[in-house]
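Student:
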Amino acid sequence: MLQSLNIRNVALVEGALIEFNAGLNVITGETGAGKSILIGALGLALGERADRDLIRGGAESCQVEAVFQLSEPGPLNDFLGELGAPACEGGTLLIRRTVSASGGNRIHVNDAAVTLQTLKRLGERLVDLHGPHDHQALLDPAYQIRLLDAYGRLNERRERYAAAYRAMRGLQARLAELAAGSEEDAAREIERIEFQVREIEEAALAWDEELKLRAEHDLLGNAQRVMELAAIAREALTEGEHCAFAGLVSGQQA
Numbered sequence: 016m017l018q019s020l021n022i023r024n025v026a027l028v029e030g031a032l033i034e035f036n037a038g039l040n041v042i043t044g045e046t047g048a049g050k051s052i053l054i055g056a057l058g059l060a061l062g063e064r065a066d067r068d069l070i071r072g073g074a075e076s077c078q079v080e081a082v083f084q085l086s087e088p089g090p091l092n093d094f095l096g097e098l099g100a101p102a103c104e105g106g107t108l109l110i111r112r113t114v115s116a117s118g119g120n121r122i123h124v125n126d127a128a129v130t131l132q133t134l135k136r137l138g139e140r141l142v143d144l145h146g147p148h149d150h151q152a153l154l155d156p157a158y159q160i161r162l163l164d165a166y167g168r169l170n171e172r173r174e175r176y177a178a179a180y181r182a183m184r185g186l187q188a189r190l191a192e193l194a195a196g197s198e199e200d201a202a203r204e205i206e207r208i209e210f211q212v213r214e215i216e217e218a219a220l221a222w223d224e225e226l227k228l229r230a231e232h233d234l235l236g237n238a239q240r241v242m243e244l245a246a247i248a249r250e251a252l253t254e255g256e257h258c259a260f261a262g263l264v265s266g267q268q269a
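Read in order, the letters of the sequence shown are residues 16 to 269 in this note's numbering.
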């Protein structure tokens, strides 16, 4: 649930902290009382596009801070991990967004900097704003596709496709980079790749080569340890005045 909303220098509001209770919360007031400002501030915290006109006159920036208390943070923590953001401590999610008059955006989720696109994806999982002109998840084509994929049990296949697509885009970017370079750079890159291919072919690696090399590595590592222990045992038996060998000699002489 949304626990609190702290806004500073948004529209006509210099500063306001609104705390919410569990269950139904109703905000009422006459026209111009600031209800739309609160909804707009919440929209900023959820990733909506910022309008510099929202910044209070005379201020250099406005800031919105939203605190959510999650009863079951596990699924959202997994999603935050995918986005590269820290997990919620104690089920508390903190979102802070600052919009400057120069057009800059500073966005933090659990005190870690994130992009606007990341905030938008997170906001879609937290809140649905329902109204005549507000966003609704069921009308979002991307959300509709996710529902269809889930219904068809295609999530795993979609993830594989996405990984392959990202790899392809990376190769395309690399190809474009090579194409933009000089012919000399391209020739050097081709020569380097051909050399690597020849090395791999000449090595004539078997499909289980890595397993064999790992087993050999473990065996050699164990042999080294055995040699170290043998040296320690030899030193204890034969080196120094109080070694075992010296003790045996003394016993025989006695």
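Ideal placement from N, C-alpha and C gives every residue a C-beta, glycine not left out. Just so we're clear, the structure is a prediction, and the values are computed from it rather than from any experiment.
Determine the extent of the beta strand (DSSP E) in which H123 is found, giving its start and end residues.
Tutor: Unbroken beta strand (DSSP E) run through H123: N120 to V124.
Student: Could you give the distance in angstroms between the alpha-carbon of G99 and the alpha-carbon of E45?
Tutor: In a straight line, the C-alpha of G99 is about 42 Å away from that of E45.
Student: Give the secondary structure of R23 by DSSP, where H, G and I count as helix, E and B as strand, and everything else as coil.
Tutor: It is a strand residue.
Student: Distance, Cα to Cα, S51 vs P156?
Tutor: Cα to Cα, the separation comes out at about 27 Å.
Student: So, with DSSP's three-state summary, where would you put I42?
Tutor: Coil at I42, not helix or strand.
Student: Excluding five sequence neighbours on each side, which residues of the same chain lie with their C-beta closer than 6 Å to the C-beta of D126?
Tutor: Excluding sequence neighbours, D126 sits near nothing in its chain.
Student: List the endpoints of the continuous beta strand (DSSP E) containing R111.
Tutor: Counting along the chain, the beta strand (DSSP E) containing R111 begins and ends at T107 to S115.
Student: So A188 is in the alpha helix (DSSP H); what residue range does that whole segment cover?
Tutor: Segment N170 to A195, the alpha helix (DSSP H) holding A188.
Student: If L69 sits next to L20, beta carbons under 8 Å apart, how far is it from one beta carbon to the other, in whole angstroms?
Tutor: With a Cβ gap of about 15 Å, L69 and L20 do not count as contacting.
Student: How would you write the range of the beta strand (DSSP E) that G55 sits in, first residue to last?
Tutor: First-last for G55: K50 to A60, but that is the alpha helix (DSSP H), not the beta strand (DSSP E).
Student: Return the bridge partner residues of V3 from the DSSP annotation.
Tutor: With the chain represented from 16 up to 269, any question about residue 3 goes unanswered, as that position is not in the structure.
Student: Taking only the alpha-carbon atoms, compute the straight-line gap between D93 and A245 and give it to the nearest angstrom.
Tutor: Straight-line Cα distance between these residues: approximately 50 Å.
Student: Quick one, are the C-beta atoms of G106 and S86 less than 8 Å apart?
Tutor: In this structure, S86 lies closer than 8 Å to G106 by Cβ.
Student: Run the CB neighbour count on N170, radius 10 Å, all protein chains shown included, and call it buried at 16 or more, exposed below.
Tutor: It is exposed - the Cβ of N170 has fewer than 16 other Cβ atoms within 10 Å.
Student: Quick check on T133: buried or exposed, where buried means 16 or more other Cβ atoms within 10 Å of its Cβ?
Tutor: T133 is buried by the Cβ-count criterion.
Student: Can you tell me the Cα-Cα spacing of V142 and I110, whole angstroms?
Tutor: Roughly 13 Å between the two C-alpha positions.
Student: Using 8 Å for Cβ pairs, my map puts A116 next to E75. What's the rounded Cβ distance?
Tutor: Confirmed, Cβ separation roughly 5 Å.
Student: Look at R112 and V79 and say whether their C-beta atoms are less than 8 Å apart.
Tutor: Yes, the pair counts as a contact, with Cβ atoms nearer than the cut-off.
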